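For reference, the structure is listed below as structure tokens.
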Ligand code: PMP
Ligand code: GLN
């Protein structure tokens, strides 16, 4: 194996989902819903497969109706204007969007600042691009961004800020002041910003999702990434997208061409239909997930865990120390056998391991009865 892959191993998500399958545990580890997305979207995909016309290579940038639907979505929710022909690119999930963007923009030795704990693919693609990862830690229990620490992390080698809001795994949602601070720093130091907004429709208690590209001066230096996997509960479809200036999109498309060339033909018209669903869909998604969040958070708090109630995503973070554990990895290894439940240790998302050591992430994008069963098992076993 090439040295750039050293230390990457198997993703924690694959490892923990395999453990759940092997032990018959309730899987609150890997973030995927256990019901599929909206019926009109599923029907549109089935129809596209059967009717034909979408089963051969689609256009490299994505089919025009999907690029238009993505641009319409950015205008409808955020007032952002993107030209579907030049400023939108369809990718194989947000994962490919992140990989193609980093490969397109980072030179060997360039520094990429990422918010820690960071989604694991960030570390892997920065390494594959020969870049250097520079973490800025969001500190428990609030997981707010320390703008002074962010500023101090910038050096003459900094190329990109890679941010993520709503943030996996903490559930934190960057607020207006934090985003304005990022925007000011990016402009002052002439940095590009990649913003992973895959949980954009999952914020709670009226907390808004504010896309970084809406901040003055930022549209020109921001690559915005999202995905149908989260918003439409089809994580297996792997249809994502990038919105940015023509120059940035051209760079990302150049990398994408040689990673996957094109992305899932018949799924593209279906995602276009889903993006155009009326507000009821988006409101219901948020309301359903907020209720699930409350169910799981209350249950976990009742067990004695310290719970950081998330303002966004479908993950909740707990501190396991009140239960007498100081190591989340150890806790998550014990959990399937002792309780029949799987969760994810935060530590794998950190360079500064000690900051994540006592933290554990639980996914609540599951049917209520599955969440209730997990809590019953935890109450019996812990
Ligand atoms: N970014 C974040 C923060 C995520 O949690 C995920 C989850 N899968 C992804 C990117 C990848 O999205 P996709 O499945 O569309 O590749
Ligand atoms: N994004 C999901 C999570 O954070 C799963 C991603 C994956 O399996 N790579 O759990």
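Numbering (the numbering used here), first residue to last: 290 to 671.
Cβ coordinates follow ideal geometry from the N, Cα and C atoms, glycine included.
Treat the numbers as computed from the prediction; the structure is a model and nothing was measured.
- Beta bridge pairing from DSSP links residue 380 with 529.
- Judged by pairs of C-beta atoms under 8 Å, the segment 635-650 does not touch the segment 522-536, as fewer than three such pairs exist.
- Residue 541 sits in a helix when the DSSP states are folded into three classes.
- A check of alpha carbon separations from residue 522 across 327, 492 and 565 identifies 327 as the nearest.
- Selection 440, 392 and 415 evaluated against residue 295 yields 415 as nearest (Cα-Cα).
- By the Cβ rule, the segment 550-567 does not count as touching the segment 535-542, because fewer than three pairs are nearer than 8 Å.
- Comparing C-alpha distances from residue 464 to each of 433, 458 and 365 shows the shortest one belongs to 433.
- Here DSSP, grouped into helix, strand and coil, assigns residue 424 to strand.
- No residue range can be given for residue 489, since it is assigned to no beta strand (DSSP E) and is classified by DSSP as neither H nor E.
- For residue 571, the CB contacts under 6 Å within the same chain, skipping 5 residues up- and downstream, are 490 in chain order.
- From the listed residues 485, 391 and 450, the smallest Cα separation to residue 470 is found for 450.
- One residue after another in chain order, those with a Cβ under 6 Å from a heavy atom of the ligand GLN are 300, 302, 319, 320 and 457.
- In the structure shown, residue 656 adopts coil according to DSSP, grouped into three states.
- DSSP places residue 292 in the helix class (H, G or I) of the three-state scheme.
- Not a single heavy atom of the ligand PMP lies less than 7 Å from the C-beta of residue 316.
- C-alpha of residue 544 to C-alpha of residue 368: approximately 29 Å in a straight line.
- As the crow flies, the alpha-carbon of residue 575 is around 12 Å from that of residue 519.
- Residue 558 and residue 652 have their alpha carbons spaced roughly 29 Å apart.
- Linking residue 496 to residue 454 through their CA atoms gives a straight-line distance of about 12 Å.
- Membership of residue 636 in any beta strand (DSSP E) is not indicated, and neither H nor E is assigned to it by DSSP.
- Using a Cβ-Cβ distance cut-off of 8 Å, the segment 599-606 and the segment 614-632 are not in contact, since fewer than three pairs of beta carbons, one from each stretch, lie closer than that value.
- When the five nearest sequence neighbours on each side are left out, the beta carbons in the same chain lying within less than 7 Å of the beta carbon of residue 588 are those of 664, in order along the chain.
- Shortest Cα-Cα distance from residue 577 to any of 436, 319, 438 and 602 involves 602.
- Rounded to the nearest whole angstrom, the CA to CA distance from residue 309 to residue 316 is 6 Å.
- Relative to the ligand PMP, the beta carbon of residue 485 is positioned inside 7 Å of a heavy atom.
- Counting only unbroken stretches of 4 or more residues, the alpha helix (DSSP H) elements lying wholly within the segment 325-403 are 328-340, 353-367 and 382-394, in sequence order.
- Look at residue 529: its beta carbon is less than 7 Å from one of the heavy atoms in the ligand PMP.
- Cα atoms of residue 457 and residue 406: separation of roughly 8 Å, rounded to the nearest angstrom.
- Relative to the ligand PMP, even the nearest heavy atom lies 7 Å or more away from the CB of residue 390.
- Per DSSP, reduced to three states, the secondary structure at residue 601 is strand.
- Residue 614 has its CB no nearer than 7 Å to any heavy atom of the ligand PMP.
- Look at residue 583 here: in three-state DSSP terms it is helix.
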